[in-house]
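Residue numbers (the working numbering): 1185 to 1406. Don't be surprised by glycine CBs; every beta carbon is placed ideally from N, CA and C. Just below is one structure, and these are the notes that go with it.
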Ligand SMILES: [Zn+2]
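Below is the structure:
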């Protein structure tokens, strides 16, 4: 898939050396800087008994009508698989120097149900993970499985989202994750229900595991 040579945000033409975004949009990207905060607002979203999260970071803040939302929307709905991969790589390059990925053994994309995968043709979370892996050298695993298809989350509150999501994910071959530091990868974190469901599935099936997560975007909590 070839990504068009226009800025994903403002749609101006990209010049030599620019990738995904023009320099102005990249400079003005509303970065969360969560990778610098050891206990940040993302940790709060997945706070639950028995679920310990080491590191949590999101590249930028996301609001539905913000022009930066185009990045996530295009990666997901406009078939721009390459965009997801490139964004993962750019973010990883930005924060790798902070030590955020140090000691992480495996990147685990939040899984997509196989029916949805067939419809979309790719899992954007996997491509983001592969983009991160291309910079950091960390392997991308396939141990998370979306065993059930869950209903759309759009009109649900946090509690309903949690109920809707908690049984969706299972871990394949949990023994492979024993003793590892795994970092979950997704495109967006909203309430945290999806991420919490994945973390819970891992901590329920693996005895000795350290978990972290990273996303491209974070919405205001809601
Ligand atoms: Zn731009």
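- About 19 Å separates the beta carbon of residue 1317 from that of residue 1301, a gap too long to meet the 8 Å contact definition.
- Here the region 1372-1386 lies against the region 1219-1235, with 3 or more beta-carbon pairs under 8 Å apart.
- The set of residues with a C-beta under 6 Å from any non-hydrogen atom of ligand 1 comprises 1191, 1193, 1194, 1196, 1205, 1206, 1208 and 1209, given in chain order.
- By the criterion of a C-beta distance shorter than 8 Å, residue 1190 is surrounded in its chain by 1196, 1197 and 1198, once the five residues flanking it on both sides are discounted.
- In this structure, residue 1268 lies near residue 1312, with their beta-carbon atoms less than 9 Å apart.
- Following the DSSP letters along the chain, one finds residue 1366 in no alpha helix (DSSP H) but inside the beta strand (DSSP E) bounded by residues 1365-1373.
- Around residue 1240, the same chain offers 1218, 1224, 1226, 1227, 1396 and 1397 as residues with beta carbons nearer than 7 Å, after the five sequence neighbours per side are excluded.
- Under the Cβ criterion (8 Å, minimum of three pairs), the region 1318-1334 counts as touching the region 1348-1368.
- Within the DSSP secondary-structure output, residue 1353 pairs in a beta bridge with 1330.
- For the pair residue 1368 and residue 1200, the Cα-to-Cα distance works out to about 33 Å.
- Ranked by Cα distance from residue 1287, the first of 1323, 1266 and 1278 is 1323.
- Between residue 1400 and residue 1372, the C-beta spacing is below 9 Å.
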